[in-house]
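Input: a single structure, listed below in C-alpha cells.
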Ligand code: BTN
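Residue numbers (the working numbering): 579 to 824.
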C-alpha cells in the first residue's frame with residue numbers, strides 16, 4: 579500500500595456474506611483494482627482503492643478515479659465466470675434503491691437521472707475473472723473532468739444528500755453475494771432475463787452506425803441480437819440509438 583486508505587473506507591460494516599468478501603484489501607492508491615483482482619486473491623476477494631492511478635474503462639479508455647469521491651473496487655473470481663455483468667449491474671441497482679432509482683444503459687452503464695453514476699468492467703485473464711465497479715458517490719460537478727461533466731453524476735448530486743461510501747459498498751457487496759450465489763448455482767438465464775428486461779431494449783428499433791434493426795433478444799454474454807433486413811446480427815457493444823418501440 580503506497581498511501582494510507584482513508585478512515586471512511588476502512589469502516590465497512592460487517593458483511594455477513596458467503597462468497598463475496600472473504601478477503602477484503604483496501605488501498606490508499608493502486609493502479610487498477612481490476613488488475614489486482616485478475617492477478618491474485620481467492621474466490622470473492624474484494625480490492626478497494628481510494629484512488630486509482632490507471633483505472634480503466636471499456637475499450638481501453640481510462641476511468642476517472644479521484645480520491646475521496648467514489649467507490650472503485652473489484653471482485654476476484656478464480657474461474658472464467660459468465661454473467662458477472664448481469665450480477666454486478668443488478669446488485670448495484672438493488673443496493674442503490676434506498677437512495678435512488680437507476681436505469682441501465684446498454685451495454686454496461688448505470689444511470690441516475692439520465693447521467694452515468696456507475697460503470698462496470700468485467701475482464702477475464704487465463705482462468706480468472708474480475709468484476710470491476712466504479713460508483714461516483716461524492717462528486718460535485720467541478721470534481722469531474724470538463725469533458726465528463728455533461729454526462730456524469732454522483733449519488734450525492736442525484737439525491738441532494740450526503741452519502742457514506744462504506745454503507746453503499748457494504749450494500750453492493752451484500753446484494754452481489756446473493757446474485758453470484760445464484761449464478762454459481764445455474765441461475766445465469768434468470769439473471770440474463772432480469773437484466774435484459776431492465777435494459778428495455780428488446781423489441782425496440784435501433785440504429786448502430788449504418789445498421790438498423792429490431793432488438794430480437796439479448797444473449798447470455800449481454801450481446802444484442804438484432805433482426806435486420808439482411809438477417810440477424812450480433813452486437814457486443816457500441817453506442818446504439820433507440821428509434822422506436824415498447
Ligand atoms: C466503463 O464504464 O467504461 C467501466 C468503468 C469501470 C471502472 C471500474 S473502477 C474499479 C475497477 N477498476 C478499474 O480499473 N476499472 C473498474
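Ideal Cβ positions, reconstructed from N, Cα and C, are used throughout, including at glycine.
In this text the structure is predicted, and so the values were computed from the model without any measurement.
Distance, residue j Cα to residue i Cα
i, j, result
"residue 803", "residue 776", "16 Å"
"residue 742", "residue 645", "14 Å"
"residue 686", "residue 749", "20 Å"
"residue 618", "residue 654", "7 Å"
"residue 671", "residue 680", "6 Å"
"residue 863", "residue 662", "Nothing in the structure corresponds to residue 863, since the chain is present only between 579 and 824."
"residue 758", "residue 747", "16 Å"
"residue 781", "residue 637", "27 Å"
"residue 761", "residue 665", "8 Å"
"residue 765", "residue 754", "13 Å"
"residue 822", "residue 783", "5 Å"
"residue 709", "residue 696", "13 Å"
"residue 613", "residue 772", "29 Å"
"residue 796", "residue 817", "15 Å"
"residue 583", "residue 788", "48 Å"
"residue 826", "residue 731", "Outside the displayed range of the chain (579 to 824) lies residue 826, so it cannot be described from this structure."
"residue 739", "residue 701", "33 Å"
"residue 713", "residue 633", "12 Å"
"residue 586", "residue 703", "32 Å"
"residue 707", "residue 807", "37 Å"
"residue 711", "residue 581", "21 Å"
"residue 794", "residue 599", "37 Å"
Distance cut-off 8 Å: residue i Cβ against heavy atoms of the ligand COA
i, result
"residue 694", "The ligand COA is absent from the structure shown, which contains only the ligand BTN."
For residue i, three-class secondary structure by DSSP
i, result
"residue 579", "Low confidence applies to residue 579: its pLDDT is 45, below 50, so where it sits in the model is not reliable, and the reading given next is rough at best. Residue 579 falls in the coil class under three-state DSSP."
"residue 699", "strand"
"residue 826", "Here the chain has residues from 579 to 824 only, and residue 826 is not among them."
"residue 750", "helix"
"residue 611", "helix"
"residue 603", "strand"
"residue 730", "strand"
"residue 675", "coil"
"residue 743", "helix"
"residue 819", "strand"
"residue 670", "helix"
"residue 644", "coil"
"residue 687", "strand"
"residue 788", "coil"
"residue 714", "strand"
Beta-carbon spacing of residue i, residue j below 9 Å
i, j, result
"residue 641", "residue 627", "no"
"residue 621", "residue 657", "yes"
"residue 699", "residue 769", "no"
"residue 715", "residue 779", "no"
"residue 717", "residue 735", "yes"
"residue 660", "residue 815", "no"
"residue 674", "residue 726", "no"
"residue 570", "residue 624", "With the chain represented from 579 up to 824, any question about residue 570 goes unanswered, as that position is not in the structure."
"residue 592", "residue 745", "no"
"residue 721", "residue 647", "yes"
Same chain, Cβ closer than 6 Å to residue i, five either side skipped, listed in chain order
i, result
"residue 683", "689"
"residue 792", "783 and 805"
"residue 603", "625"
Cβ neighbours of residue i in the same chain (closer than 8 Å, five flanking residues each side left out)
i, result
"residue 630", "607, 608, 609, 610, 611, 641, 643 and 650"
"residue 737", "677 and 678"
"residue 729", "693 and 694"
"residue 719", "727 and 735"
"residue 596", "755 and 759"
"residue 705", "656, 657 and 658"
"residue 767", "798"
"residue 810", "794, 803 and 804"
Cβ neighbours of residue i in the same chain (closer than 7 Å, five flanking residues each side left out)
i, result
"residue 813", "786, 801, 802 and 804"
"residue 774", "780 and 796"
"residue 635", "641, 697 and 699"
"residue 579", "Model confidence at residue 579 stands at a pLDDT of 45, short of 50, so the residue's coordinates are unreliable; what they give is reported in the following sentence. Closer than 7 Å at Cβ, skipping near neighbours: 605 and 606."
"residue 691", "731 and 736"
Short CB-CB distance (under 9 Å) between residue i and chain C
i, result
"residue 635", "In the structure shown, chain C does not exist; there is a single protein chain."
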